[in-house]
Amino acid sequence: MKESPVWNVLCWIPLILGIVVILTPELLVPVCTDFVEMKSGALRPMRCAYSAKAEILLGGLLTTVGLLLVLRRQFAAVLGLVVAAIGVCILVAPQSWVIGVCMSKTMPCRDTEIWLIAEGVLAIVVGLLLWWRFRKILAGA
């Protein structure tokens, strides 16, 4: 199948997006670094720290799938669905019903949440576009 340059570039986006997801909660738009004092007096990281760790893990997973996508185009349809699924996970991890971020609207992690939601939506769109474009290979056509 003859591939246009647009589809070749689309195959690289999950790899790059995975790196951006890894960098977002720590470097690009960092989450809070404060601790919450428990009733026992122990200090514990805020919810957004756990959300950041989950996002870094999901970013690593997206980077790995993106690398596979670049190296093995014959699996692009299936990997596109995997990219979309990872995008859904990136999208829901900072939501309060999963892991969440700080409750206060003035905390810096609220900005991180917005960026991660945008990155998750982009991953879903790219994954579905990859699946749509390369599904004929999956069907054996």
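So the number in our numbering is just where the residue sits in the sequence shown, counting from 1, plus 165.
The C-beta atom is built at its ideal place from N, Cα and C for all residues, glycine as well.
For residue i, which residues of its own chain have a beta-carbon under 7 Å away from its beta-carbon, when the five flanking residues on both sides are left out?
i	result
I178	V291
G265	R212, S216 and P259
Does the beta-carbon distance from residue i to residue j come in below 9 Å?
i	j	result
V230	V247	yes
A249	I289	yes
C176	M211	no
A207	E191	no
L233	G183	no
F299	G245	yes
A219	T198	no
Can you list, in chain order, the residues of its chain with a C-beta nearer than 6 Å to that of residue i? Leave out the 5 residues immediately preceding and following it.
i	result
V254	Before going on, a small fix: residue 254 reads as Cys here, not Val. Closer than 6 Å at the Cβ level, and outside the excluded window around C254, lie L223.
G321	No answer is possible for residue 321: the residues shown for the chain start at 166 and end at 306.
Give the straight-line distance between the Cα atoms of residue i and residue j, rounded to the nearest whole angstrom.
i	j	result
P170	C274	37 Å
M272	K301	46 Å
W172	T277	29 Å
M203	P195	23 Å
L293	I181	17 Å
L295	L236	15 Å
V243	W297	10 Å
L287	L193	17 Å
Spatial neighbours of residue i within its chain, please: C-beta separation below 8 Å, excluding the five flanking residues on both sides.
i	result
V174	none
K270	none
Mind checking if residue i is an interface residue toward chain E, Cβ cutoff 9 Å exclusive?
i	result
L222	In the displayed structure, chain E is absent; only one protein chain is listed.
Indicate, with yes or no, if the ligand NAD has a heavy atom lying under 8 Å from the CB of residue i.
i	result
A249	Absence of the ligand NAD is noted for the structure shown, with no ligands found whatsoever.
### Task
Inspect the CB distances between the stretch 254-263 and the stretch 280-290 and report whether three or more fall short of 8 Å.
yes
### Task
Any chance you could list the beta strand (DSSP E) runs of at least 3 consecutive residues sitting entirely within the stretch 196-273, in chain order?
200-202 and 208-210
### Query
Hey, is the stretch 178-197 in contact with the stretch 213-225, meaning 3+ C-beta pairs nearer than 8 Å?
yes
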